[in-house]
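**Q**
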Amino acid sequence: MEQKSHLPKWEFKVSARLRQSTPDQTWLLFKDFFNLHKWFPTLPICYGIHGANGELGCIRYCAGFALQSRGNGGNVNGDNNSAGWSMERLIGVDPVDRIISYEMVDSNIGFKSYISTVKIIPGAGDGHDEGCMIEWLLTVDPVEGWRLEDLVKKYESGLQGMAKKMEDALGRSEQEE
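Here the sequence shown is numbered in the working numbering, starting from 3 and rising by one per residue.
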């Protein structure tokens with residue numbers, strides 16, 4: 003999927019705080035690479051299509067999200083009615099520092115180059131030791147029909163929704179114990 007662009011890459015970071023969940027609890031959910039749909043609010047479909055879940059080189063298929071290029075009338079096929087989809091390869095896992103990286107290898111949502119890194123950082127970033135912070139760093143080629151600010155807002159919203167779902171689920175599992 004990597005294609006050369008003459009424009010500078012867009013690089014940005016979004017983050018979310020989980021005040022009640024430990025870094026280790028949150029990491030277990032993120033390293034489950036084939037099951038992002040359980041946590042990402044606007045992603046109904048995600049499953050493995052190559053390799054073993056969580057192993058370098060494995061590939062997941064994600065579909066149904068609302069993120070689509072506005073160029074070509076919807077997605078790269080010019081179809082406003084079809085759901086956005088992508089295939090993403092796991093390219094890095096660091097269980098000690100709780101970091102996962104992946105790249106998009108194909109999609110119909112306008113990305114020509116896409117590399118994403120998620121870090122789970124101890125502490126909620128507010129001077130207290132409890133909780134954790136999720137940082138999502140992205141490097142992409144500019145996407146036709148999008149402004150960087152709009153893309154950042156989409157990812158901020160998605161990550162906040164994901165963090166809430168994770169914290170709610172982790173809070174429920176602690177109550178059941």
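Where is the CB? At the ideal position from N, CA and C, for every residue including glycine.
1. Using C-beta distances below 6 Å, list every residue in its chain close to Ser-199, excluding the 5 sequence neighbours before and after it, in chain order.
2. Report the rounded CA-to-CA distance for Glu-158 versus Leu-9, giving the unit in angstroms.
3. Using 8 Å as the threshold, is the stretch 36-47 in touch with the stretch 8-28, meaning 3 or more CB pairs across them?
4. Nearest by alpha-carbon distance to Gly-173: which of Lys-15, Phe-14, Gln-22 is it?
5. Does the Cβ-Cβ distance between Lys-40 and Gly-56 come in under 7 Å?
6. Helix or strand or just coil, what does DSSP make of Glu-105?
7. State yes or no: is the C-beta of Met-89 within less than 7 Å of the C-beta of Val-107?
**A** To lay it out plainly:
1. With the chain running from 3 to 179 in the structure shown, residue 199 is simply not present.
2. 24 Å
3. no
4. Cα-wise, what sits closest to Gly-173 is Gln-22.
5. Not closer than 7 Å, so no.
6. strand
7. yes
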